Amino acid sequence: MNTYPQLYLVCYDICGPKRLREVYKTMRGYGDHLQYSVFRCALSPVQLARMKADLTRSIEPSEDQVLIVPLGVPHRAEQRMETLGVPLIHPERIVRIF
């Protein structure tokens with residue numbers, strides 16, 4: 656089994672405002688916020704399974720949708736992403752210890 660991280664684009668359309676906040680907070684723990692409902696996540700298979708489980712608890716399957724698009728190995732996938740208009744800025748990951 657492959658244990659190396661893969662890059663995923665996660666997009667969601669959540670109908671309820673409470674569930675939308677929950678999904679957003681969940682996704683902040685897994686990846687980089689690119690646009691309103693779009694995250695880029697580098698995840699191992701275990702992290703991917705955990706993220707799916709967390710999201711499943713937060714959504715209403717008959718009303719909401721989460722798309723998880725595999726992009727491949729992180730260093731190669733970055734070359735495949737393209738933007739029109741405002742360029743994609745790679746967010747700086749800051750670790751704070753309190």
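When we follow this note's numbering, the leftmost residue of the sequence shown carries the number 656, and every step to the right adds one. Cβ atoms here follow ideal geometry from the backbone N, Cα and C, with glycine treated the same way. Note that the coordinates shown come from a computational prediction; the quantities given were computed from them, not determined experimentally.
Would you mind reading off the limits of the alpha helix (DSSP H) that contains Asp-668? Per DSSP, Asp-668 belongs to no alpha helix (DSSP H); it is in the beta strand (DSSP E), 661-668.
Ends of the alpha helix (DSSP H) at Asp-709? Counting along the chain, the unbroken alpha helix (DSSP H) around Asp-709 starts and ends at 700-713.
Identify which residue in Met-682, Val-665 and Thr-658 has its Cα closest to the Cα of Arg-721. The sequence as given places Val at residue 721; Arg does not occur at that position. Of the candidates Met-682, Val-665 and Thr-658, the one whose C-alpha sits nearest the C-alpha of Val-721 is Val-665.
Measure how close the beta-carbons of Arg-674 and Ile-723 come, nearest whole angstrom, since I'm counting them as under 8 Å. That pair is no contact at about 17 Å.
What residue from Tyr-685, Tyr-691, Cys-670 and Val-693 has the CA that sits closest to Ala-708's CA? Residue Tyr-685 is the option with its Cα nearest to Ala-708.
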